[in-house]
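Participant:
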Amino acid sequence: IKGNRKPIGGHQKEKARVFNNVEIAIHPGTSLFLLSDGLVDQVNHKAVKFGYRRLESFLLAHAHLKMAEQKILLLEELKNFQGSEEQRDDITLLGIKLKT
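Those letters in the sequence shown? Residues 664 to 763, by the numbering used here.
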């Protein structure tokens with residue numbers, strides 16, 4: 664679900680800032696991920712971004728694993744992708760798996 668492209672804080676020009684509300688059905692066993700753009704914007708030595716597609720493919724391929732295992736594998740994936748490139752932004756990824 665894409666978020667609104669509005670900051671939560673800061674100076675507001677409008678009288679009241681309005682955000683979209685979205686409701687989704689969530690079933691037991693569902694995994695939810697909240698993230699900043701730092702991971703997907705990370706580049707490798709060819710200036711290619713990690714990207715949302717790569718992240719989505721990774722998460723889907725490893726969804727059967729426990730969150731702790733996914734974390735270890737994702738950190739390895741990022742390190743291999745990055746190579747010698749420095750981290751360029753904060754990287755925040757929060758994963759939650761609902762109990763079955």
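Ideal Cβ positions, reconstructed from N, Cα and C, are used throughout, including at glycine.
Every value quoted in this text rests on a predicted model; they were computed, and no experiment measured them.
1. Residues in the same chain with beta-carbon distance under 7 Å from LEU736, minus the five sequence neighbours each way, listed in chain order, please.
2. Quick check on PHE713: buried or exposed, where buried means 16 or more other Cβ atoms within 10 Å of its Cβ?
3. So who's on the other strand from GLY758, going by DSSP bridges?
4. Can you check whether the CB of LYS665 is closer than 9 Å to the CB of ARG680?
5. Excluding five sequence neighbours on each side, which residues of the same chain lie with their C-beta closer than 8 Å to the C-beta of GLU752?
6. What is the rounded straight-line gap between the Cα of ILE689 and the Cα of PHE696?
7. Can you tell me whether VAL706 is helix, strand or coil according to DSSP?
8. So LEU761 and GLY692 are supposed to be a Cβ contact under 8 Å. How far apart are they, rounded?
9. How should GLN733 be labelled, buried or exposed, when 16 other C-beta atoms within 10 angstroms of its C-beta is the threshold for buried?
10. Spell out the partners DSSP gives LYS712 in its beta bridges.
Facilitator: Inspection of the coordinates gives the following:
1. HIS725
2. buried
3. PHE696
4. no
5. Note that residue 752 is Asp in the sequence shown, not Glu. So the qualifying residues of the chain are SER699, ASP700, GLY701, ASP704 and GLN705.
6. The C-alpha of ILE689 lies about 13 Å from the C-alpha of PHE696.
7. strand
8. 6 Å
9. buried
10. VAL706
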